[in-house]
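So the protein sequences, as listed, match chains A and B. Under the working numbering, the first residue of the first sequence is numbered 72, with each subsequent residue one higher. Under the working numbering, the first residue of the second sequence is numbered 133, with each subsequent residue one higher. Just below is one structure, and these are the notes that go with it.
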Amino acid sequence: MKELLDRIKKSFKIVNEEIKRENFLIIEVEQGDLKQILVHLKYNENFKHLALLSCVDWIEDKKFQLTYILWNYKTKENLIVKTYINREKSDHFTVMDIFPQAEIYEREVREMYGVNFEGNSTQHLDFALEDWDDIPPMRRDFDTLKYSLENYGEREEYDRTNIRDIISEFTDEWRKK
Amino acid sequence: MADNKHFLNDKPEKLTYARVWEKFDNWARANSLWVVAYGTGCGSIEIPPMVTSRFDAERFGVNMVGTPRQADVLIISGYLAVKTLKRVIRVYEQMQSPKYVVALGACPINGGMYFDSYNTINLLDKYLPVDVWLTGCMPRPEAILSAFADLMKRIKEGRADGWKKYIDNLGEYRKNQEKIIKNWKMPNYNW
C-alpha cells in the first residue's frame, strides 16, 4: 500500500491519508481533484470496481463527506477515497462516466441527503421512498421521532415525546457496568 | 361501530334460519383458512417453517395461496413501510369477504423497535381492521399457530368481523390511508 500511496502522491495533492491494514488505504482529496484521481485509479492502478458510494452528514462542520470505496481485483486491495463538499449548497458532480454503477448510488444519496449530482439524469427518480415531501430523511436536522409522531401517531396511553432521554438513561447505566 | 346492521348481532338469542346457516358457514370458514402468500416485513421468514413439514399448518386447514382473490386471511408479518402499506391495501381490497387480518409482532401494534422511523407506520388498526394481534419480536411458528387457533375460535363465535367494520367505516379508514399515502392512485374495488 505504501508504494501505491507514493505513486498517487507524485501526481496528485492528497489532503490526508491513513494506511489501515496492509490491503486497506484511506485517502482524502479535495472536491476538484476527485474526478481525475478516480480516472487515474481506474485506468492506471486497476481499481476497476466501485463497491460503494455513501455519504456522512457533518452538521457541525457544515459539510457532507462523500466516500467512494474502490476494489482492485488483481491485487485484492481496498481503497477509500473521501471528499468533503459544502452542506448548504451540496453541489457535486456525477462519476457515472467513470463508473456507470454510480447512477443508483447517487440516486440513493440524492434522496437521503439531498446532494445534487450534476450530470446524473435519473437522480430525481424515487429510490426507496415514494412521494417524499419533507427534507431528506437522513440529514441530521431531520427529526424522525417528531415526523413519526405527527404522521403515524401513537396509542393514547403512551407518551413518547421524551423517550430518547429515557433510553439514553438506560444505556448510560448499562455502559457504567 | 355500527354492529346492529348485521343480523348476527341483532338478536343473538333468537334462532332464525339465516342465523343457523351463518353458524354453519362460520364453521366451514374456520376450518379452511387460506392465507395470501405475501410477506411485509421480517416476520415473513417465520411463515415457511409454519406451512412446511415441521409445524405443518395444513393439518388445521391453513394453506397458502398465491392470489388475493382466493384467500381469506392476510398476515401482516412485521413492520409495515408506507410503500408496503399501499400494496397491502390493494391486496386487502381485492380479497373476497369474509376476510381476516392477522398482525404479527410488535411493529404493527405500536411501532416496535421502529417507533421513531420516518418510513414505517406505528398503528396498523388506523388503516386496516385487525382480527387477531400477536405479540413477539418475532413470534415463533408455534405462536402463529396459536394465533390461528384463536382466529378459528373467533370465527366460529362470529366475532371476527373486521371486514364488516371496514365496509361500515370505509370513509374513516380511507381518510387515514390517504393522509400518509400522498399520491393516491388506486382503483375502486367493489365488494
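We treat Cβ as the ideally placed atom computed from N, Cα and C, and that holds for glycine. Only a predicted model underlies this, so the values are computations on that prediction, with no experimental measurement involved.
Asked	Found
4 or more residues per run - each alpha helix (DSSP H) lying fully within the stretch 113 to 201 of chain A	173 to 184
Residue-level contact to chain A via CB, K307 (chain B), 8 Å cutoff	no
Cβ neighbours of Q107 (chain A) in the same chain (closer than 8 Å, five flanking residues each side left out)	F83
Chain A residues whose Cβ lies nearer than 8 Å to that of I253 (chain B)	Y223
CB contact check: N315 (chain B) to chain A, cutoff 8 Å	yes
Chain-ordered chain A contacts of I312 (chain B) [CB-CB under 9 Å]	N222 and Y223
Extent of the continuous alpha helix (DSSP H) to which V126 (chain B) belongs	Summary: the structure shown does not reach residue 126 (chain B), with chain B confined to residues 133 through 323, and so no result is reported for it.
Counterpart residues of E274 (chain B) in DSSP-defined beta bridges	DSSP lists no partner for E274 (chain B).
E226 (chain A), buried or exposed, once every other Cβ within 10 Å from all chains shown has been counted against 16	Position check: residue 226 (chain A) holds Arg in this sequence, whereas Glu was assumed. That one is exposed.
Residues of the stretch 221 to 252 of chain B whose Cβ lies closer than 9 Å to any Cβ of chain A, in chain order	I241, N242, G243, Y246, F247, D248, S249, Y250, N251 and T252
Positions along the stretch 167 to 201 of chain A whose CB lies within less than 8 Å of some CB in chain B	A199, L200 and E201
Limits of the unbroken beta strand (DSSP E) element including L236 (chain B)	Y232 to L236
Cut-off 6 Å between Cβ atoms - residues of its own chain near A292 (chain B), not counting five sequence neighbours on either side	Y232, D263 and R286
E89 (chain A) (DSSP reduced to helix, strand or coil)	strand
Test: P207 (chain A) CB closer than 8 Å to a CB of chain B	no
Spatial distance of R186 (chain B) from Q228 (chain B) (CA atoms)	30 Å
7 Å Cβ cut-off: residues of chain A touching K258 (chain B)	G224
Nearest neighbour of I85 (chain A), chosen from A:E159, A:L76, A:W129 and A:N157 [CA to CA]	A:L76
Neighbour flag for D204 (chain A) against chain B, beta carbons, 8 Å	yes
Short CB-CB distance (under 8 Å) between K296 (chain B) and chain A	no
Extent of the continuous alpha helix (DSSP H) to which W295 (chain B) belongs	G294 to D300
Distance CB(S209 (chain B))-CB(G244 (chain B)) smaller than 8 Å	no
Paired residues, beta bridge with T242 (chain A) - DSSP	Answer by DSSP bridge pairing: none, since T242 (chain A) is not bridged.
Beta-carbon contacts of R201 (chain B) that lie in its chain and below 8 Å, excluding the five residues immediately before and after	Q226, M227 and Q228
Euclidean distance between Cα positions of M209 (chain A) and R219 (chain B)	25 Å
Buried or exposed by the 16-neighbour rule on C-beta atoms within 10 Å, applied to P171 (chain A)	exposed
Sub-8 Å separation of Y298 (chain B) and T252 (chain B) beta-carbons	no
Environment of K296 (chain B) [buried if 16+ CB atoms lie within 10 Å]	buried
Helix, strand or coil at T215 (chain A) according to DSSP, with G and I counted as helix	helix
DSSP bridge partner residues for W166 (chain B) (one or two, in chain order)	B:N195
Secondary structure of E101 (chain A), DSSP reduced to three states	coil
Same chain, Cβ closer than 8 Å to R246 (chain A), neighbours up to 5 away in sequence not counted	none
Separation of A160 (chain B) from E306 (chain A), as counted between CA atoms	The structure shown does not extend to residue 306 (chain A), since chain A spans only 72 to 248, so no value can be given for it.
Closer than 8 Å to chain A by CB, K215 (chain B)	yes
Three-state class that DSSP yields for S82 (chain A) in the structure shown	helix
Sequence-distant residues of the same chain with beta carbon closer than 8 Å to Y321 (chain B), five excluded per side	E225 and Q226
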